[in-house]
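> For reference, the structure I am asking about is given below.
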Amino acid sequence: MGIHLSPQVSSTVMYSRSPMVAFESHPHLRASTISSSLSTVPGGKPAYSFHVSADGQMQPVPFPPDALIGSGIPRHARQLHTLTHGEVVCAVTISSSTQHVYTGGKGCVKVWDVAQPGTKTAVAQLDCLNRDNYIRSCKLLPDGRSLIVGGEASTLSIWDLAAPTPRIKAELTSSAPACYALAISPDAKVCFSCCSDGNIVVWDLQNQTLVRQFQGHTDGASCIDISNDGTKLWTGGLDNTVRCWDLREGRQLQQHDFSSQIFSLGYCPTGEWLAVGMESSNVEILHVTKPDKYQLHLHESCVLSLKFASCGRRAPCFLLGLRAAPDGISSLKSPRQC
1 MGIHLSPQVS STVMYSRSPM VAFESHPHLR ASTISSSLST VPGGKPAYSF HVSADGQMQP
61 VPFPPDALIG SGIPRHARQL HTLTHGEVVC AVTISSSTQH VYTGGKGCVK VWDVAQPGTK
121 TAVAQLDCLN RDNYIRSCKL LPDGRSLIVG GEASTLSIWD LAAPTPRIKA ELTSSAPACY
181 ALAISPDAKV CFSCCSDGNI VVWDLQNQTL VRQFQGHTDG ASCIDISNDG TKLWTGGLDN
241 TVRCWDLREG RQLQQHDFSS QIFSLGYCPT GEWLAVGMES SNVEILHVTK PDKYQLHLHE
301 SCVLSLKFAS CGRRAPCFLL GLRAAPDGIS SLKSPRQC
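Residue numbers (our numbering): 1 to 338.
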């Protein structure tokens, strides 16, 4: 099951009280920076994907005719539900075991049971923050029994979902005024919190203690992903950088500089490519050990979210980009999963 977010509310509302997003009034003018000689691919179709060489030369890359043909590649999706949260939705996560969807908005997380046909109302509401503060991220632990919530507050809350009524069982407090993104280690023992002060806070979930901070971003850390083997952490920031951290040695391994703030990133399951979504509306896909990279020019506004397909057989395999904040979500089901 996947999530389709309909941009019914301006993303300016989503980040109106935060430095998280700075918008250009004429994003369509960005396309003028691409040479007209690069604007088409063979066949006369407009080019949107470009290979960027080590010396910065851009070459259009046509979409392979067999790219969407093959085992494990979804052919289409159909809408199952529309969940009317009622406020701007900044975070979504799904429990595959219970088919519950968790939507984080202003001050609370709402819980929806999408296994029930015609779901119209939330089955529970988790009041996490002050009513005027937004939830920015929520993550389920693998067993589906605990939910970690972060947002415009210095405290993360850990919810016990297995209790008769969901309740807060622990809180994790840092010195940063807000959390922009969360990630859970593959073994579910550690939580990583991207903070508005640029630090990446590492939490021991069993002992509920702060064990380390990765410091390097000079502005808010906005997004995060972990390598499949759990040894490397990738973070993007409002300081226009993407950084790679060695989780075993506790040090920075790489830094990639961009001309735009970073709002989203995703690490390919094959372990070779990193996709980066930017405020400039572009998506860049970097090879993590070589100078190769690609640029995608598809969106007209900032890319707030993206994700590789779980199969990761293609490089890049699949990307989902979102360009604005919704006040509700639609859930879709694909006939084939990777």
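No residue lacks a Cβ here, since even glycine has one placed at the ideal position from N, Cα and C. Remember, it's a predicted structure, so these values are computed and weren't measured experimentally.
1) Contact between the stretch 289-309 and the stretch 241-250 is defined here as three or more beta-carbon pairs at a separation below 8 Å; is this criterion met?
2) Using three-state DSSP, classify Ile168 as helix, strand or coil.
3) Is any heavy atom in the ligand SAM found nearer than 7 Å to the beta carbon of Ile224?
4) What does a CB cutoff of less than 6 Å around Arg145 pick up in its chain, not counting 5 residues either side in sequence?
5) Could you give the distance in angstroms between the alpha-carbon of Lys232 and the alpha-carbon of His256?
6) Taking only beta-carbon positions, decide if Ile285 is within less than 8 Å of chain D.
7) Take Thr209 as the anchor and find which of Ala54, Phe50, Ser97 and Thr155 has the nearest alpha-carbon.
8) Considering only C-alpha positions, which residue in the set Leu182, Asn228 and Leu205 is nearest to Asn199?
9) Specify the secondary structure class of Val89 as computed by DSSP and reduced to three states.
10) Can you give the Cα-Cα distance for Val303 and Gly277, rounded to whole angstroms?
11) Name the residue from Leu306, Trp112, Glu300 and Leu296 whose alpha carbon lies nearest to the alpha carbon of Val61.
12) Can you give the Cα-Cα distance for Ser280 and Ile262, rounded to whole angstroms?
13) Please classify Cys191 as buried or exposed, where buried requires at least 16 other C-beta atoms within 10 Å of its C-beta.
14) State buried or exposed for Ser310, treating a residue as buried only when at least 16 other CB atoms are found within 10 Å of its CB.
15) According to the Cβ coordinates, are Val201 and Gln215 closer than 8 Å?
16) Report the rounded CA-to-CA distance for Thr235 versus Asp66, giving the unit in angstroms.
17) Going by DSSP, what residues sit across from Phe308 in a beta bridge?
18) The beta strand (DSSP E) with Ile73 in it runs from where to where?
19) In terms of DSSP beta bridges, what is Leu296 paired with?
20) Which same chain residues end up closer than 6 Å to Asp197 when comparing Cβ atoms and leaving out the 5 residues on each side of it in sequence?
21) Given this structure, state the Cα-to-Cα distance separating Lys169 from His81, to the nearest angstrom.
22) Indicate the three-state DSSP secondary structure (helix, strand or coil) for His100 in the structure shown.
23) Output yes or no for whether 8 Å exceeds the beta carbon distance between Asp113 and Gln99.
24) Check for me: the beta strand (DSSP E) holding Phe214 runs from which residue to which?
25) For Asp187, I'd like the list of residues in its chain whose CB is within less than 8 Å of its CB, leaving aside the five on either flank, ordered along the chain.
26) Which residues does DSSP list as the beta-bridge partners of Phe192?
27) Of the choices Asn240, Leu238, His299 and Ile224, whose alpha-carbon is the least far from that of Leu274?
28) Shortest alpha-carbon distance to Gly151 belongs to which of Val89, Lys307 and Leu253?
29) Out of Thr241, Leu238, Ile226 and Thr173, state which residue places its alpha-carbon closest to the alpha-carbon of Val211.
30) Determine the extent of the beta strand (DSSP E) in which Val111 is found, giving its start and end residues.
31) Could you tell me the alpha carbon to alpha carbon distance between Ile94 and Tyr102, rounded to whole angstroms?
32) Per DSSP, what kind of secondary structure is Val61 in: helix, strand or coil?
33) Who are the Cβ neighbours of Cys195 in its own chain at under 8 Å, not counting the five residues just before and after it?
34) What are the boundary residues of the beta strand (DSSP E) that Gly266 is part of?
35) So, with DSSP's three-state summary, where would you put Val288?
Looking at the coordinates:
1) In this structure the stretch 289-309 does not touch the stretch 241-250; the number of beta carbon pairs closer than 8 Å is below three.
2) The residue labelled residue 168 in the question sits at position 168 within the sequence shown. In this structure, Ile168 counts as strand in the three-state DSSP scheme.
3) This structure lacks the ligand SAM; in fact it carries no ligand of any kind.
4) For the purposes of this step, residue 145 is identified with residue 145 of the sequence shown, where counting begins at 1. Closer than 6 Å at the Cβ level, and outside the excluded window around Arg145, lie Leu161 and Ala162.
5) Residue mapping note: residue 232 aligns to position 232 of the sequence shown, counting from 1. Residue mapping note: residue 256 aligns to position 256 of the sequence shown, counting from 1. Across the structure, Lys232 and His256 are spaced so that their CA atoms are roughly 15 Å apart.
6) Looking for chain D here will not work: only one protein chain is present.
7) Numbered from 1 along the sequence shown, position 209 holds the residue referred to as residue 209. Minimum Cα distance to Thr209 is reached at Thr155.
8) Your numbering for residue 199 matches position 199 in the sequence shown. Ranking Leu182, Asn228 and Leu205 by Cα distance to Asn199 puts Leu182 first.
9) Along the sequence shown, read from residue 1 onward, the residue named residue 89 stands at position 89. DSSP places Val89 in coil when its eight states are reduced to three.
10) Locating residue 303 in the sequence shown gives position 303, counting from the first residue. Locating residue 277 in the sequence shown gives position 277, counting from the first residue. Taking the straight line from one Cα to the other gives about 5 Å.
11) In the sequence shown, counting from the first residue as 1, residue 61 sits at position 61. Checked all of Leu306, Trp112, Glu300 and Leu296; the closest Cα to Val61 is Leu296.
12) Indexing the sequence shown from 1 puts residue 280 at position 280. Indexing the sequence shown from 1 puts residue 262 at position 262. So the two alpha carbons sit approximately 9 Å from each other.
13) For the purposes of this step, residue 191 is taken as residue 191 along the sequence shown, with counting starting at 1. Label assigned to Cys191: buried.
14) Position 310 of the sequence shown, counted from the start, is the residue given in the question as residue 310. By the 10 Å Cβ count, Ser310 comes out exposed.
15) For this step, residue 201 is matched to residue 201 along the sequence shown. For this step, residue 215 is matched to residue 215 along the sequence shown. No, the Cβ-Cβ distance between Val201 and Gln215 is not below 8 Å.
16) Walking along the sequence shown from the start, residue 235 turns up at place 235. Walking along the sequence shown from the start, residue 66 turns up at place 66. In a straight line, the C-alpha of Thr235 is about 33 Å away from that of Asp66.
17) If you number the sequence shown from 1, residue 308 lands on position 308. When DSSP reads this structure, Phe308 sits in no beta bridge, so it has no partner.
18) Here residue 73 refers to the residue found at position 73 when the sequence shown is read from its first residue. Where Ile73 is concerned, there is no enclosing beta strand (DSSP E), given that its DSSP letter is neither H nor E.
19) As a working mapping, residue 296 is identified with position 296 in the sequence shown. Paired residues: Ser49 and Val283.
20) Start at 1 with the first residue of the sequence shown, and residue 197 comes out as number 197. Hits under 6 Å: Ala176.
21) Here the question's residue 169 lines up with position 169 in the sequence shown. Here the question's residue 81 lines up with position 81 in the sequence shown. Annotation: Lys169 to His81 spans about 31 Å, alpha carbon to alpha carbon.
22) Position 100 of the sequence shown, counted from the start, is the residue given in the question as residue 100. The DSSP-derived three-state label of His100 is strand.
23) Residue 113 sits at position 113 when you count from the first residue of the sequence shown. Residue 99 sits at position 99 when you count from the first residue of the sequence shown. In contact: Asp113 and Gln99 (Cβ atoms closer than 8 Å).
24) Along the sequence shown, read from residue 1 onward, the residue named residue 214 stands at position 214. Annotation: the continuous beta strand (DSSP E) that includes Phe214 extends over Thr209 to Phe214.
25) By one-based count along the sequence shown, residue 187 stands at place 187. For Asp187, where only same-chain residues beyond five positions count, the Cβ hits under 8 Å are Gly230.
26) As a first step, residue 192 is located in the sequence shown; it is residue number 192 there, counting from the start. Ala183 and Val202, per the DSSP bridge assignment.
27) One-based indexing of the sequence shown puts residue 274 at position 274. Closest option to Leu274, Cα to Cα, is Ile224.
28) Position 151 of the sequence shown, counted from the start, is the residue given in the question as residue 151. Residue Val89 is the option with its Cα nearest to Gly151.
29) Locating residue 211 in the sequence shown gives position 211, counting from the first residue. Val211 has its Cα closest to that of Thr173, out of Thr241, Leu238, Ile226 and Thr173.
30) Locating residue 111 in the sequence shown gives position 111, counting from the first residue. Per DSSP, Val111 belongs to the beta strand (DSSP E) from Cys108 to Asp113.
31) Within the sequence shown, residue 94 is the residue found at index 94, counting from 1. Within the sequence shown, residue 102 is the residue found at index 102, counting from 1. If I take the Cα positions, the gap works out to 6 Å.
32) Translated into positions along the sequence shown, residue 61 becomes position 61. Reduced to three states, the DSSP call for Val61 is coil.
33) In the sequence shown, counting from the first residue as 1, residue 195 sits at position 195. Closer than 8 Å at the Cβ level, and outside the excluded window around Cys195, lie Ser174, Ala176, Ala178, Cys179, Tyr180, Val201, Gly220 and Ala221.
34) As a working note, residue 266 is residue 266 in the sequence shown. Looking at the DSSP string, the run of the beta strand (DSSP E) that includes Gly266 is Ile262 to Tyr267.
35) Walking along the sequence shown from the start, residue 288 turns up at place 288. In the three-state reduction of the DSSP assignment, Val288 falls in the coil class, being assigned neither a helical nor a strand state.
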